[in-house]
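Asker:
Residue numbers (the numbering used here): 3 to 122.
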């Protein structure tokens, strides 16, 4: 029997090697990575929400109906799971940095690239 997939664990899976940094300050780069993850998620969500609202209005459900909606306990639980997975995706850079602390001698992809580019 197959083990079920855990999206929360997979959302933060660290790639092999150390993370290459491109900005002068790794902390600034981490904040930038989080900001871009949020921006990406928000852009996709906004487009999907716009589609759903337009379809609902065309079928007779108003935006006020959407604003007044109260989720069932099951729906609220599903939303909570989604929120946890979302936050894991956004904060994955920190999770990966913590994992990297347990492998301090692992080369970065930048190191490997320099090694491959060397002419010996």
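Here a beta-carbon is modelled for each residue, glycine too, at the ideal position from N, C-alpha and C.
Given a cut-off of 8 Å, decide if residue 36 and residue 100 are closer than it, judged by their beta-carbon atoms.
Answerer: In this structure, residue 36 does not lie closer than 8 Å to residue 100 by Cβ.
Asker: Going by alpha carbons, who is nearest to residue 7 out of 70, 69, 87 and 67?
Answerer: Per the Cα distances, 87.
Asker: Count the CB pairs spanning the region 46-64 and the region 106-119 that are closer than 8 Å, and state whether there are at least three.
Answerer: Result no; under three Cβ-Cβ pairs closer than 8 Å.
Asker: Determine the direct distance from the alpha carbon of residue 59 to that of residue 42, and round the result to whole angstroms.
Answerer: Roughly 26 Å between the two C-alpha positions.
Asker: Is it buried or exposed for residue 95, if we count other Cβ within 10 angstroms and need 16 for buried?
Answerer: With 16 or more other Cβ atoms within 10 Å, it is buried.
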